[in-house]
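For the sequence shown, the positions run 1 to 218 when UniProt numbering is used.
Backbone N, C-alpha and C fix where the C-beta goes; we use that ideal spot for every residue, glycine too.
As the structure is a computational prediction, the values presented were derived from the model and not from experiment.
Some notes on the structure that comes next.
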Amino acid sequence: VLRHGYKERDEDYVPDHESEDESDEEVEEDEEVHEAEHAPHLEYDKLDPPMTEGRKYPNMAEFKLALSQHAIKHEFEFNTEKSAPHRFRAYCSRRDEDKCPWRIYASTMEDGCTVMVRKNSCGHDCSSTKRKKKIKNATKRWICEHVKDWLIEDATLGPKALRKKLKEHHGINIKYKRVNMGKLLALKELYGDCDTSFDNLYSFKAQIERCCPGSIVI
Numbered sequence: 001v002l003r004h005g006y007k008e009r010d011e012d013y014v015p016d017h018e019s020e021d022e023s024d025e026e027v028e029e030d031e032e033v034h035e036a037e038h039a040p041h042l043e044y045d046k047l048d049p050p051m052t053e054g055r056k057y058p059n060m061a062e063f064k065l066a067l068s069q070h071a072i073k074h075e076f077e078f079n080t081e082k083s084a085p086h087r088f089r090a091y092c093s094r095r096d097e098d099k100c101p102w103r104i105y106a107s108t109m110e111d112g113c114t115v116m117v118r119k120n121s122c123g124h125d126c127s128s129t130k131r132k133k134k135i136k137n138a139t140k141r142w143i144c145e146h147v148k149d150w151l152i153e154d155a156t157l158g159p160k161a162l163r164k165k166l167k168e169h170h171g172i173n174i175k176y177k178r179v180n181m182g183k184l185l186a187l188k189e190l191y192g193d194c195d196t197s198f199d200n201l202y203s204f205k206a207q208i209e210r211c212c213p214g215s216i217v218i
């Protein structure tokens, strides 16, 4: 790992002007995800989430993460047709090229939170099941969730090390820039925003001085 200004750089770092841009669809997918306040607790295999009709997930955010993991696990890619707070539709990325009939539709239930897979009746038999150089459905949100435990153990892990771990555990290659975005999101969720944390130091200092008169806080 090398230091360049204030930014950490790995040996395989790709400058922004040389890196492939994130597609509008992928960025939108990441920005849409948010946690529900009162999600029900539902058990399922996080490494191989089932997508059979009738399967339930705690909320839309968790369903999207599970679908991304399902696609990565079973080596296919999907395009999002409709993404809204209460419903989601997607189809195989090779629909037009290979006439693949795979589609999935999910929506929230009566509680307005729990998501059920309503339709997923066709399997895949197309070229989308072959590993590609770029794995679109490994979003920064997906990366965030899969690197959190590693960062808890060692918060100094850089994108290069995380790329290697993701390759070892999931058999996929993800671009450096996207891994870095996922890492930053994970660190923010684990430890908070750096700027906000720094600003909170002044409040912390004031509380100490108020509770313990005569204390000196440097």
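Item	Value
Sequence-distant residues of the same chain with beta carbon closer than 8 Å to residue 51, five excluded per side	66, 67, 70, 104, 117 and 120
Among 110, 45 and 77, the one whose alpha carbon lies nearest that of residue 102	77
Assigned exposure category for residue 163 - 16 Cβ within 10 Å defines buried	buried
Residue 191 - DSSP class collapsed to helix/strand/coil	helix
Rounded straight-line distance, which links the Cα of residue 111 to that of residue 55	16 Å
Start-to-end residues for the alpha helix (DSSP H) that takes in residue 140	140-153
Cβ distance (whole Å) where residue 138 is taken to contact residue 172 below 8 Å	6 Å
Segment limits, alpha helix (DSSP H) that includes residue 68	60-73
Nearest-angstrom beta carbon gap, residue 109 and residue 88 [assumed within contact, 8 Å]	The pair is not a contact, with the Cβ atoms about 13 Å apart (cut-off 8 Å).
Three-state class that DSSP yields for residue 92 in the structure shown	strand
Residue 211 burial status per 10 Å Cβ neighbour count (16 or more: buried)	exposed
Three-state secondary structure assigned by DSSP to residue 104	strand
Buried versus exposed call for residue 166 [16 or more other C-beta atoms within 10 Å across all chains shown]	buried
Which of helix, strand or coil DSSP assigns to residue 173	coil
Alpha carbon of residue 183 to alpha carbon of residue 73, nearest angstrom	21 Å
Assigned secondary structure, residue 55 (DSSP; H/G/I helix, E/B strand, else coil)	coil
Residue burial classification, residue 186 (beta-carbon count within 10 angstroms, cutoff 16)	buried
9 Å Cβ cutoff met for residue 114 and residue 191	no
Proximity winner among 47, 96 and 64, relative to residue 83 (alpha-carbon distances)	64
Cα-Cα separation, residue 125 to residue 93	12 Å
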